[in-house]
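Residue numbers for the sequence shown follow UniProt numbering, so the first one is 1 and each next one is one higher.
The beta-carbon is built from N, C-alpha and C at its ideal position, and this holds for glycine as well.
The structure displayed is predicted, hence computed values, not measured ones.
Shown next, in structure tokens, is the structure this report addresses.
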Amino acid sequence: MIQSMTGFGKASLQMPTKKITVEIKSLNSKGLDLNVRMPSTFREMELGLRNKIAQKLERGKVDFSLFVEVTGEETSSKINVPIVKAYIAQMKAVIPHGDDTELMKMAVRMPDALKTEREEIDENDWAQIDGVIDEALNNIYNFRVAEGIALEKEFLVRIGNILSLMNETVAYDEERIQNVKDRLRATIAELEVEVDENRFEQELIFYLEKMDITEEKVRLENHLNYFMETLAGTEANGRKLGFIGQEMGREINTMGSKSNHAKMQKLVVQMKDELEKIKEQVLNVL
């Protein structure tokens with residue numbers, strides 16, 4: 001079953017003094033383009049986190065965000081009391097009769113008035129956060145699977161349309177061959193020259209062989225079947241589907257160049273249109 005590279009996953013956890021929220025978004029990409037945003041406190045865990053995301057999502061332009069919202073009394077920022085007192089003393093020297101409250105307001109806005117203490121990662125806390133990350137990864141994985149199911153249905157419709165259009169071209173084979181024979185005979189008649197009938201038939205057969213699209217039909221049908229087999233596979237196969245689509249395009253283009261028949265060429269154009277829709281969607285397949 002195929003997966004889409006487009007997806008979104010979110011999970012959150014309320015801890016005693018903070019709320020953890022994890023969001024993961026992904027779009028299509030040739031490889032894994034991973035962007036991680038998280039508080040500096042958890043930076044030492046980033047390498048392992050990147051490996052976990054890469055194993056789960058494999059490909060795509062992935063944006064990972066970990067948000068920490070303090071909901072309790074805990075805070076990593078503290079007033080730098082000696083610095084604030086020094087600022088107030090200096091301002092009183094300039095403004096002897098200044099209001100203490102106003103001086104305090106000014107002092108806490110001065111550089112280094114607040115100091116941030118670096119928190120150490122608590123193993124128990126990280127274990128809970130890691131569980132939230134796993135939940136978000138599972139959510140985006142399920143989103144991708146659901147999108148993949150929708151893509152597979154779309155592909156099967158398009159493949160069916162191409163197969164049906166290809167089979168319609170068979171109905172015009174006899175008509176277009178007869179048109180070629182009639183046109184050649186009419187041209188010879190206009191020239192008013194005598195020709196060796198046997199030689200004419202030999203040349204005609206040689207010419208018609210160049211217009212024969214039987215091999216292209218067989219190869220195109222094989223590619224269509226291979227595409228459907230690959231869809232049903234269990235591995236990530238977006239690149240393979242893209243390669244098969246290219247081969248399908250070659251056979252359809254050759255059929256168009258050989259057709260030499262207006263109605264058949266119209267069918268070929270319709271096949272190309274269906275194939276382009278397939279190629280556009282294949283870019284989203286993992």
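Looking at Lys54: is its Cβ nearer than 8 Å to the Cβ of Val84?
For the record, residue 54 in the displayed sequence is Ala; it is not Lys. It is not a contact, given that the beta carbons lie outside the stated cut-off.
Of the residues Ile140, Asp173 and Asn222, which one's Cα is nearest the Cα of Lys7?
Looking at the sequence provided, one finds Gly at residue 7 rather than Lys. Comparing Cα positions, the closest option is Ile140.
Could you check if Val285 is buried or exposed, using at least 16 other CB atoms within 10 Å of its CB as the buried criterion?
Looking at its Cβ environment, which holds 16 or more other Cβ atoms inside 10 Å, Val285 is buried.
Please go through the same chain and pick out, in chain order, the residues whose beta-carbon is closer than 8 Å to the beta-carbon of Lys10, but skip the five residues on each side of it.
Setting aside the 5 residues that flank it on each side, Lys10 is surrounded in the same chain by Thr21, Val22, Glu23, Ile24, Ala136 and Asn139, each with a C-beta closer than 8 Å to its C-beta; the list follows chain order.
Buried versus exposed, by CB contacts within 10 Å (16 or more), residue 309
As shown, the chain starts at 1 and ends at 286. That puts residue 309 outside it, with no answer to give.
Where are the alpha helix (DSSP H) runs, 4 residues long or more, that stay fully inside the UniProt domain "Endoribonuclease YicC-like N-terminal" (2-152), in chain order?
Assignment of alpha helix (DSSP H) within the UniProt domain "Endoribonuclease YicC-like N-terminal" (2-152), counting only whole runs of 4 or more residues, yields 46-57, 81-94 and 100-107 in chain order.
Report yes or no: do three or more beta-carbon pairs, one from the region 163-181 and one from the region 252-269, lie closer than 8 Å?
Output reads yes: the region 252-269 touches the region 163-181.
Considering just the uninterrupted stretch of the alpha helix (DSSP H) at Glu247, what are its terminal residues?
For Glu247, the enclosing alpha helix (DSSP H) has its first and last residue at Gly238 to Ser259.
Over the uninterrupted alpha helix (DSSP H) stretch that includes Ile213, give me the two end residues.
From DSSP, Ile213 is part of no alpha helix (DSSP H); its letter is neither H nor E.
Below 8 Å between beta carbons: does that hold for Phe42 and Leu13?
Taking 8 Å as the cut-off, the Cβ atoms of Phe42 and Leu13 do not count as close.
Would you say Leu275 and Met248 are within 8 Å of each other, going by their C-beta atoms?
Between Leu275 and Met248, the gap from beta carbon to beta carbon is short of 8 Å.
Please classify His97: is it buried, with 16 or more other beta-carbons within 10 angstroms of its beta-carbon, or exposed?
Counting Cβ neighbours within 10 Å, His97 comes out exposed, since fewer than 16 surround it.
Met255 vs Leu165 beta-carbon contact at 8 Å
No; because the gap between Cβ atoms is not below 8 Å, this pair is not in contact.
Which residues mark the beginning and the end of the alpha helix (DSSP H) in which Leu267 is found?
Per DSSP, Leu267 is one residue of the alpha helix (DSSP H) stretching across Ala262 to Val282.
State the CB to CB distance for the pair Tyr87 and Ala127, rounded to an integer number of angstroms; the pair is presumed to be in contact (CB under 8 Å).
Beta-carbon to beta-carbon, Tyr87 and Ala127 are separated by about 42 Å, too far to satisfy the 8 Å threshold.
Under 8 Å, Cβ to Cβ, is there at least one residue of chain D near Leu66?
Note that chain D does not occur in the displayed structure, where there is just one protein chain.
Between Arg144 and the rest of its own chain, which residues show a CB-CB distance below 6 Å, the 5 nearest in sequence each way excluded?
Excluding sequence neighbours, Arg144 sits near Gln3, Ser4 and Gly7.
What's the gap between the Cα of Lys277 and the Cα of Leu34?
So the two alpha carbons sit approximately 28 Å from each other.
According to the neighbour-count rule (16 or more other Cβ atoms, all chains shown, within 10 Å of its Cβ), is Gln246 buried or exposed?
With fewer than 16 other Cβ atoms inside 10 Å of its own Cβ, Gln246 counts as exposed.
Any chance the region 148-166 sits against the region 44-60, with 3 or more Cβ pairs inside 8 Å?
They do not touch, by the three-pair rule.
Distance, Cα to Cα, Asn124 vs Asp134?
Rounded to the nearest whole angstrom, the C-alpha separation of Asn124 and Asp134 is 16 Å.
Could you compute how far the alpha carbon of Lys92 sits from the alpha carbon of Glu102?
Cα to Cα, Lys92 sits roughly 11 Å from Glu102.
Is it right to say residue 292 is buried, meaning 16 or more other beta carbons lie within 10 angstroms of its own, or is it exposed?
Summary: the structure shown does not reach residue 292, with the chain confined to residues 1 through 286, and so no result is reported for it.
According to the Cβ coordinates, are Lys18 and Val94 closer than 8 Å?
No.
What does the alpha-carbon distance come out to for the pair Lys266 and Glu58?
For Lys266 and Glu58, the distance between alpha carbons rounds to 41 Å.
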